[in-house]
Amino acid sequence: MSLSKLVLQSMKKNMKHYYLYFFALIFSVTLYFSFVTLQNNSEVWAAVQMSGTAAAGFKAATYILYFIVLFFVLYANHLFMKRRSKEIGLYQLIGMTKGLIVRLLAIENILLFVGAVIIGMLAGFFSSRVFAMILLRILEKEALVTMTFSTQALQQSMIVFAILLIIVLI
470 MSLSKLVLQS
480 MKKNMKHYYL
490 YFFALIFSVT
500 LYFSFVTLQN
510 NSEVWAAVQM
520 SGTAAAGFKA
530 ATYILYFIVL
540 FFVLYANHLF
550 MKRRSKEIGL
560 YQLIGMTKGL
570 IVRLLAIENI
580 LLFVGAVIIG
590 MLAGFFSSRV
600 FAMILLRILE
610 KEALVTMTFS
620 TQALQQSMIV
630 FAILLIIVLI
């Protein structure tokens, strides 16, 4: 049986273990992409710049969000791997090498990350307007918020989650 068939078969069989990890990834991507889109929205940024404390809070929130997403995804990955420890043990018992098991888990993680990033960015794009309206309401600013897709937010999010994928794989 080839590795790709084994990965697909394993993913079908373990769907009940994946849903929590997959939704944690989607939630993290949605939250991060929405926030980065807010940072790159000119109407929101103009309103935040008028309020000095909000601008400082916005910059501090960026770094806090990095750590929240990092620890949230790492904790979800830890739970995911803990649930699958018996399966990994069975793979070793039937003679699979550790290298092959690592490749199997790496391919599964890559597939999950790619799916979560795509779905999360779509959800983040649509939810960013809601977050922008809430932020402007809190700042008591009147502004028309349009839905704009930011390629800079896309690039930044892809870089952050690629680094996070590398950290998870290590």
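In our numbering, the protein residues as written are 470 to 639.
Note that the Cβ used here is the ideal one computed from N, Cα and C, for glycine as well.
At a Cβ-Cβ threshold of 7 Å, VAL505 and GLY589 do not count as neighbours.
Pairing LEU634 with PHE582 gives a Cβ-Cβ distance under 7 Å. Taking ALA622 as the centre and dropping the five residues before and after it, the same chain places the C-beta of PHE502, VAL505, THR506, GLN508, ASN509 closer than 8 Å to its C-beta, in chain order. In this structure, ASN546 lies near VAL637, with their beta-carbon atoms less than 7 Å apart. Counting along the chain, SER503 sits inside the alpha helix (DSSP H) bounded by residues 484–508. Residues ASN510 of the same chain have their beta carbon placed closer than 7 Å to that of THR617, with the five preceding and five following residues left out of the count.
Note on the segment 550–633: whole alpha helix (DSSP H) runs with a minimum of 4 residues are 554–562, 567–607, in chain order.
A check of alpha carbon separations from SER554 across LEU574, ILE495, LEU477 identifies LEU574 as the nearest.
Here TYR544 is exposed, its C-beta having fewer than 16 other C-beta atoms within 10 Å. Under the 10 Å beta carbon count, ILE495 is surrounded by 16 or more other beta carbons and is classified as buried. Separation of SER596 and LYS474 (C-alpha to C-alpha, rounded to the nearest whole angstrom) is 36 Å.
Annotation for SER471: no alpha helix (DSSP H) segment contains it, and DSSP assigns it neither H nor E. The beta carbon of LYS567 sits closer than 8 Å to the beta carbons of GLN561 from its chain, once the five residues preceding and following it are set aside; these are given in chain order.
DSSP, read as helix, strand or coil, puts ILE636 in helix. Across the structure, HIS486 and LEU500 are spaced so that their CA atoms are roughly 22 Å apart. Here the C-alpha atom of LEU472 lies approximately 14 Å from the C-alpha atom of LEU580.
With respect to the 7 Å criterion, ALA585 and PHE491 are classified as neighbours on the basis of their beta carbons.
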